[in-house]
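There are 2 protein chains.
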Amino acid sequence: MDEGQVEQVRRFNRTVAERVGVLHDHYLGGARPYGQARLLWQIGDGGTHDVRGVRDRLGLDSGYVSRLLRALERDGLVAVEPHPRDRRVRTVRLTEAGRQERALLDDRSDALAASLLAPLNARQRERLTSAMAEVGRLLTASTVSLAVLDPDHPDAAHCLRSYAAELGELFDGGFDPANSLLPDPGELRAPHGLFLVARLHGEPVGCAGLKLPSGAPAEIKRLWVCPRARGLGLARRLLAELEERAARHGCDLVRLDTNRALEAATRLYRDSGYTEVPAFNDEPYAHHWFEKRLTPTAR
Amino acid sequence: MDEGQVEQVRRFNRTVAERVGVLHDHYLGGARPYGQARLLWQIGDGGTHDVRGVRDRLGLDSGYVSRLLRALERDGLVAVEPHPRDRRVRTVRLTEAGRQERALLDDRSDALAASLLAPLNARQRERLTSAMAEVGRLLTASTVSLAVLDPDHPDAAHCLRSYAAELGELFDGGFDPANSLLPDPGELRAPHGLFLVARLHGEPVGCAGLKLPSGAPAEIKRLWVCPRARGLGLARRLLAELEERAARHGCDLVRLDTNRALEAATRLYRDSGYTEVPAFNDEPYAHHWFEKRLTPTAR
DNA sequence: TCCATCCTCTGACCTTAGTCAGAGGATCTC
DNA sequence: GAGATCCTCTGACTAAGGTCAGAGGATGGA
Chain A
1 MDEGQVEQVR RFNRTVAERV GVLHDHYLGG ARPYGQARLL WQIGDGGTHD
51 VRGVRDRLGL DSGYVSRLLR ALERDGLVAV EPHPRDRRVR TVRLTEAGRQ
101 ERALLDDRSD ALAASLLAPL NARQRERLTS AMAEVGRLLT ASTVSLAVLD
151 PDHPDAAHCL RSYAAELGEL FDGGFDPANS LLPDPGELRA PHGLFLVARL
201 HGEPVGCAGL KLPSGAPAEI KRLWVCPRAR GLGLARRLLA ELEERAARHG
251 CDLVRLDTNR ALEAATRLYR DSGYTEVPAF NDEPYAHHWF EKRLTPTAR
Chain B
1 MDEGQVEQVR RFNRTVAERV GVLHDHYLGG ARPYGQARLL WQIGDGGTHD
51 VRGVRDRLGL DSGYVSRLLR ALERDGLVAV EPHPRDRRVR TVRLTEAGRQ
101 ERALLDDRSD ALAASLLAPL NARQRERLTS AMAEVGRLLT ASTVSLAVLD
151 PDHPDAAHCL RSYAAELGEL FDGGFDPANS LLPDPGELRA PHGLFLVARL
201 HGEPVGCAGL KLPSGAPAEI KRLWVCPRAR GLGLARRLLA ELEERAARHG
251 CDLVRLDTNR ALEAATRLYR DSGYTEVPAF NDEPYAHHWF EKRLTPTAR
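So the sequences go chain by chain: A and B. Read left to right, the first sequence gives residues 1 to 299 (full-length UniProt numbering). Read left to right, the second sequence gives residues 1 to 299 (full-length UniProt numbering).
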């Protein structure tokens, strides 16, 4: 990592923490303490939520949230009720007054944004917002974490289901995992392979599997990125991670197959140094087969 | 102001407050409470500082700072001593242990920056840091405030001195305000004119004067931007502000003169719609004369 | 039916980050 | 030399954010 880049990021953190961070907290809070405002925001407008879910998303102590909720309730902003089917769980929703209060936070947030733009001319605003979009996108990308999970883990299963559902829509004649090679994703667990899941704020947003047959080339399967997490370079990152793990495992060749409907994927493979080769398996859904030679890594 | 832009800024604030802001505070703080860490940072390494100056820069209450200093002193990180010449004032400097602690904050800050860059590939890092630089520059630009000051105000006088000093270096044969037209900047006060000072974090970083002779075109004088505040579009902003004020005052023509050594300024005037005209005064330091027709504003 | 578990709430407690009103010493101005 | 002014410090106080250890009701499984 380049030292100048680290210094640049630090400078950015200082500027932004000062200009945005401070304002963000002490503007947005306004009359309401920041904790309450945060909670109000998180409860949002869309109907009823489990208290537990909200709490987990904010990462707060249960006692603390309980107290915050009581304060909001006292001001008539939220209604807390037991869950209809499990009366241990409590649910919370905004009242009309709560929705108004939240809209007020919205306005404050707009005012803050506007106060940043106001002193700038049109061209500067244009440049600022597009640079902000870029920073936001890349910071989001850097927030995504990769983890090796068992293919039966709920997050992994969610990705595999989404993968199959999406292919079902894209392929002529649909997609049925049972007809494809690797009908059982259980093969993608140690020692015969591994399964990687990408998560953003705890939500699974992508996956990729690697088969590591002994004495044969490694094979990449089930590479998928959730539609709303596209444009973050995530597929490329998953691919690079699998290649590195394959290389560390001693593989010097990695292969994969893909369907002609998956144009972006095919482009990614070509860009990443894969070359098209004759069919090396009889996957019924595949139209293209690729391979890439790996440079062995230390260890 | 474009609604999409406001929304973009808000989205940015959310992402950044989450990813940078939170980490910033709770990483950087570490063992030391954030207030102490901030103070430690501000005292910095460069020798001895007046407590008052440090306090003003952080915008904190004197009692609060006193307490923070005592805590730092207890931990042996700073030494507080009376000012040698005015024993009401106290000065503060880091001890060796304080310098080490501050270096530790530095490392934490680096670690935070590195943790943002780590998950990205080389191209993404490149793009992130340059977008951050752009955002930082433009947010800094939007932090600059303009104020009408009396030319005798210390901040205004500082700008005028710097202006003269810089011209003195740039012009063949130096620059002596007494030889120029408008030897007395006092003419740049109401009702005969006005003087605008740009400030960044309270420090004066630029200025521009406007003469408003009754029945004659307005005239722009003493436009200057401090070297370390260049590249923020500040000269352009000062110019636009003066033009707007002139137009509101009823002027439909604004004029100015400039020296050939000031190439960037000359370029700015041309870009901003000024056209070169024959000399309209006998300013000894001028080589170019410009004018611009204003479109009258409402009111 | 009973016990373990889950979820929420309450009370007690702690640290930070401030604010405010003087007290008290040092300096400046007349 | 006497105020007025300046600067720092102290004590008293407040609010927010948060943690921890149970209490107590609801549910699920043996």
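For every residue, glycine included, the Cβ atom is placed at its ideal position computed from N, Cα and C.
Cutoff 8 Å: Thr-15 (chain B) Cβ touching any chain A Cβ:
The sequence position of residue 15 (chain B) within the second sequence is 15, counting from 1. Yes, its Cβ sits closer than 8 Å to a Cβ of chain A.
When we look at the beta-carbon of Asn-121 (chain B) and count the other beta-carbons within 10 Å, is it buried (16 or more) or exposed?
For this step, residue 121 (chain B) is matched to residue 121 along the second sequence. Asn-121 (chain B) comes out exposed.
Could you work out which residues of chain B lie near Leu-234 (chain A), taking near to mean beta carbons separated by less than 9 Å?
To locate residue 234 (chain A), count along the first sequence from 1; it is residue 234. Going along chain B, no residue has its Cβ under 9 Å from Leu-234 (chain A), so there is no contact; the nearest lies around 10 Å.
Residues bridged to Ile-220 (chain B) (per DSSP)
As a position in the second sequence, residue 220 (chain B) is number 220, starting the count at 1. Its beta-bridge partners are B:Leu-210.
Chain B contact for Val-148 (chain A) (CB, 8 Å cutoff)
Working through the first sequence from its first residue, we reach residue 148 (chain A) at position 148. By this cut-off, Val-148 (chain A) is not an interface position.
Any chain A beta carbon closer than 8 Å to Leu-112 (chain B):
Locating residue 112 (chain B) in the second sequence gives position 112, where the first residue counts as 1. Interface residue, yes.
Figure out for me which residue from B:Val-78, B:Leu-223, B:Leu-200 and B:Asp-172 has the closest Cα to the Cα of Leu-194 (chain B).
Taking the second sequence and counting its residues from 1, one reaches residue 194 (chain B) at position 194. Here the closest residue by C-alpha is B:Leu-223.
Does the stretch 109-116 of chain B come within contact of the stretch 80-87 of chain B, defined as at least 3 CB pairs closer than 8 Å?
no
In chain A, what lies closer than 7 Å to Gln-8 (chain B) by C-beta?
Translated into positions along the second sequence, residue 8 (chain B) becomes position 8. The contacting residues are Thr-129, Met-132 and Ala-133.
So Gly-46 (chain B) contacts chain A; which residues on that side make the cut at Cβ distance below 9 Å?
Counting from 1 along the second sequence, the entry for residue 46 (chain B) is found at position 46. Correct list: empty, because the minimum Cβ distance to chain A is about 17 Å.
Checking 8 Å against the spacing of the C-beta atoms, do Cys-226 (chain A) and Gly-202 (chain A) come in under that value?
Residue numbering aside, residue 226 (chain A) sits at position 226 when the first sequence is read from its first letter. Residue numbering aside, residue 202 (chain A) sits at position 202 when the first sequence is read from its first letter. Cβ atoms of Cys-226 (chain A) and Gly-202 (chain A): not closer than 8 Å.
Looking at Arg-199 (chain A): is its Cβ nearer than 8 Å to the Cβ of Val-135 (chain A)?
The sequence position of residue 199 (chain A) within the first sequence is 199, counting from 1. The sequence position of residue 135 (chain A) within the first sequence is 135, counting from 1. Taking 8 Å as the Cβ cut-off, Arg-199 (chain A) and Val-135 (chain A) do not qualify as a contacting pair.
At least 3 beta-carbon pairs within less than 8 Å: the stretch 62-82 of chain A vs the stretch 93-103 of chain A
yes
Hey, Thr-15 (chain A) and Thr-48 (chain A) are a contact pair by Cβ (cut 8 Å); roughly how many whole angstroms apart?
Here residue 15 (chain A) refers to the residue found at position 15 of the first sequence. Here residue 48 (chain A) refers to the residue found at position 48 of the first sequence. With a Cβ gap of about 40 Å, Thr-15 (chain A) and Thr-48 (chain A) do not count as contacting.
Distance cutoff 8 Å, beta carbons only. Does Ser-142 (chain A) sit that close to anything in chain B?
By 1-based counting over the first sequence, the position of residue 142 (chain A) is 142. By this cut-off, Ser-142 (chain A) is an interface position.
Closest by C-alpha distance to Phe-171 (chain B), when choosing among B:Asn-259, B:Asp-271 and B:Ala-118
The residue labelled residue 171 (chain B) in the question sits at position 171 within the second sequence. Checking every option, the nearest Cα to that of Phe-171 (chain B) belongs to B:Asn-259.
Would you mind telling me which residues of chain B sit closer than 8 Å to Ser-162 (chain A), beta carbon to beta carbon, in chain order?
Numbered from its first residue, the first sequence carries residue 162 (chain A) at position 162. Under the 8 Å cutoff, chain B gives no residues; its nearest Cβ is about 22 Å from Ser-162 (chain A).
By the criterion of Cβ-Cβ separation under 9 Å, what are the contact partners of Leu-294 (chain B) in chain A?
Indexing the second sequence from 1 puts residue 294 (chain B) at position 294. Near Leu-294 (chain B) there are no residues of chain A at all, since even the closest Cβ is about 17 Å away, more than 9 Å.
Between the beta-carbon of Leu-196 (chain A) and the beta-carbon of Leu-242 (chain A), is there less than 8 Å?
To locate residue 196 (chain A), count along the first sequence from 1; it is residue 196. To locate residue 242 (chain A), count along the first sequence from 1; it is residue 242. Yes; because the gap between Cβ atoms is below 8 Å, this pair is in contact.
Contact with chain A by Phe-290 (chain B), beta-carbon distance below 8 Å
Within the second sequence, residue 290 (chain B) is the residue found at index 290, counting from 1. For Phe-290 (chain B), the answer is no, since every Cβ of chain A falls outside 8 Å of its Cβ.
Minimum Cβ-Cβ distance from Arg-11 (chain B) to chain A less than 8 Å
Reading the second sequence from its first residue, position 11 is the one you call residue 11 (chain B). With 8 Å as the cut-off, Arg-11 (chain B) counts as an interface residue toward chain A.
Limits of the beta strand (DSSP E) - the one that Ala-286 (chain B) falls within
For the purposes of this step, residue 286 (chain B) is identified with residue 286 of the second sequence, where counting begins at 1. It is not in any beta strand (DSSP E) - Ala-286 (chain B) carries neither H nor E in the DSSP assignment.
Excluding the five sequence neighbours on either side, which residues of its own chain have a C-beta within less than 7 Å of the C-beta of Val-277 (chain A), listed in chain order?
Against the first sequence, residue 277 (chain A) aligns to sequence position 277. Excluding sequence neighbours, Val-277 (chain A) sits near Trp-289, Phe-290 and Glu-291.
Alpha helix (DSSP H) runs wholly inside the UniProt domain "HTH marR-type" (1-137) of chain B, at least 4 long, in chain order:
3-16, 22-29, 34-43, 51-58, 62-74 and 96-117
With a threshold of 8 Å between beta carbons, is Pro-119 (chain A) in contact with chain B?
Your numbering for residue 119 (chain A) matches position 119 in the first sequence. Output row for Pro-119 (chain A): interface = yes.
Close beta carbons around Thr-275 (chain A), own chain, < 8 Å, minus the five adjacent residues each side
Counting from 1 along the first sequence, the entry for residue 275 (chain A) is found at position 275. Hits under 8 Å: Phe-290, Glu-291 and Lys-292.
Through-space distance from Gln-36 (chain A) to Gly-62 (chain A), alpha-carbon basis
Sequence index remark: in the first sequence, residue 62 (chain A) carries index 62 (1-based). Sequence index remark: in the first sequence, residue 36 (chain A) carries index 36 (1-based). The displayed chain sequence assigns Ser, not Gly, to residue 62 (chain A). Cα-Cα distance, rounded: 14 Å.
Can a CB atom of chain B be found closer than 8 Å to the CB of Pro-284 (chain A)?
Position 284 of the first sequence, counted from the start, is the residue given in the question as residue 284 (chain A). Cβ-Cβ to chain B under 8 Å: no for Pro-284 (chain A).
Runs of beta strand (DSSP E) lying entirely within the UniProt domain "N-acetyltransferase" (146-295) of chain A, each at least 3 residues, in chain order
193-200, 203-211, 218-225, 253-258, 275-277 and 288-293
Counting only beta-carbon separations shorter than 8 Å, does Ser-109 (chain A) have a partner in chain B?
For the purposes of this step, residue 109 (chain A) is identified with residue 109 of the first sequence, where counting begins at 1. Output row for Ser-109 (chain A): interface = yes.
Let me know if Leu-238 (chain B) comes out buried or exposed under the rule of 16 or more other beta-carbons within 10 Å of its beta-carbon.
Looking up residue 238 (chain B) in the second sequence gives position 238. Label assigned to Leu-238 (chain B): buried.
I believe residue 355 (chain B) touches Gln-8 (chain A) by the beta-carbon criterion, under 8 Å. Please report the beta-carbon distance rounded to the nearest angstrom.
The requested residue 355 (chain B) does not occur in the structure, where chain B is confined to residues 1 to 299.
Return the residue from the list A:Gly-53, A:Leu-94 and A:Thr-295 that minimises the CA-CA distance to Gly-250 (chain A).
For the purposes of this step, residue 250 (chain A) is taken as the residue at position 250 of the first sequence. For the residues A:Gly-53, A:Leu-94 and A:Thr-295, the minimum Cα distance to Gly-250 (chain A) belongs to A:Thr-295.
For Leu-210 (chain B) and Arg-245 (chain B), which I take to be in contact (beta-carbon distance under 8 Å), what is that distance rounded to the nearest angstrom?
Here residue 210 (chain B) refers to the residue found at position 210 of the second sequence. Here residue 245 (chain B) refers to the residue found at position 245 of the second sequence. 6 Å between Cβ atoms; contact.
Would you mind telling me which residues of chain B sit closer than 8 Å to Gln-138 (chain A), beta carbon to beta carbon, in chain order?
Position 138 of the first sequence holds residue 138 (chain A). Note on residue identity: the sequence assigns Leu, not Gln, to residue 138 (chain A). Under the 8 Å cutoff, chain B gives Leu-120, Gln-124, Arg-127, Leu-128 and Ala-131.
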